[in-house]
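Residue numbers (this note's numbering): 4 to 71. All C-beta atoms in this analysis are idealised placements derived from N, C-alpha and C, irrespective of residue type, glycine included. Since this is a predicted model, take the numbers as computed values, not measurements.
So this is what it looks like as C-alpha coordinates:
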(Lines of atoms letter the chains of each structure in order from A and count residues from 1; the text may use other names and numbers.)
(Lines give C-alpha, C1' and ligand atoms only; values in the text may rest on other atoms or scores of the structure.)
Protein backbone atom coordinates (compact mmCIF):
# COMPACT_ATOMS: atom_id res chain seq x y z
CA UNK A 1 0.00 0.00 0.00
CA UNK A 2 1.24 3.52 -0.85
CA UNK A 3 2.55 5.95 1.74
CA UNK A 4 0.51 9.04 2.54
CA UNK A 5 1.72 12.59 2.97
CA UNK A 6 0.10 15.48 4.81
CA UNK A 7 1.19 19.04 4.08
CA UNK A 8 0.19 21.87 6.38
CA UNK A 9 0.75 25.57 5.75
CA UNK A 10 -0.20 27.77 8.68
CA UNK A 11 0.26 31.22 10.16
CA UNK A 12 0.87 31.10 13.91
CA UNK A 13 -0.16 34.34 15.59
CA UNK A 14 0.03 33.12 19.20
CA UNK A 15 3.06 30.91 19.93
CA UNK A 16 1.94 30.18 23.51
CA UNK A 17 -1.54 29.21 22.36
CA UNK A 18 -0.05 26.98 19.64
CA UNK A 19 1.94 24.84 22.11
CA UNK A 20 -1.10 22.96 23.56
CA UNK A 21 -2.30 22.31 19.99
CA UNK A 22 1.06 20.75 19.10
CA UNK A 23 1.04 18.62 22.26
CA UNK A 24 -2.52 17.38 21.65
CA UNK A 25 -1.83 16.42 18.05
CA UNK A 26 1.34 14.46 18.73
CA UNK A 27 -0.62 11.52 20.16
CA UNK A 28 -3.05 11.31 17.25
CA UNK A 29 -0.27 11.55 14.67
CA UNK A 30 1.59 8.76 16.45
CA UNK A 31 -1.58 6.64 16.61
CA UNK A 32 -1.84 6.71 12.81
CA UNK A 33 1.89 6.20 12.21
CA UNK A 34 2.69 9.81 11.35
CA UNK A 35 6.27 11.03 11.23
CA UNK A 36 7.44 14.60 10.71
CA UNK A 37 9.59 15.19 7.64
CA UNK A 38 9.58 19.00 7.83
CA UNK A 39 8.43 21.05 10.80
CA UNK A 40 8.90 24.82 10.60
CA UNK A 41 12.32 26.18 9.78
CA UNK A 42 13.49 28.69 7.22
CA UNK A 43 12.27 28.45 3.64
CA UNK A 44 12.15 30.43 0.41
CA UNK A 45 8.81 30.88 -1.34
CA UNK A 46 9.56 30.54 -5.04
CA UNK A 47 6.05 31.23 -6.28
CA UNK A 48 2.74 32.46 -4.89
CA UNK A 49 1.88 33.43 -1.33
CA UNK A 50 3.48 31.66 1.59
CA UNK A 51 2.54 31.08 5.21
CA UNK A 52 4.78 31.53 8.24
CA UNK A 53 5.08 27.80 9.00
CA UNK A 54 5.19 24.67 6.85
CA UNK A 55 4.77 21.10 8.06
CA UNK A 56 5.16 17.90 6.03
CA UNK A 57 4.35 14.52 7.53
CA UNK A 58 4.54 11.01 6.15
CA UNK A 59 2.28 8.13 7.11
CA UNK A 60 2.78 4.42 6.48
CA UNK A 61 -0.50 4.19 4.58
CA UNK A 62 -2.28 6.68 2.36
CA UNK A 63 -5.57 5.73 3.99
CA UNK A 64 -4.27 7.17 7.29
CA UNK A 65 -4.45 10.70 5.91
CA UNK A 66 -7.73 10.38 4.04
CA UNK A 67 -10.98 11.59 5.58
CA UNK A 68 -13.02 9.03 3.75
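With fewer than 16 other Cβ atoms from the protein chains shown falling within 10 Å of its own Cβ, residue 43 counts as exposed. Looking at the DSSP output, residue 46 shares a beta bridge with no other residue.
Within the model, the alpha-carbon separation for residue 65 versus residue 38 is close to 13 Å. The C-alpha of residue 47 lies about 11 Å from the C-alpha of residue 56. Contact annotation: residue 36 and residue 62 have beta-carbon atoms nearer than 7 Å.
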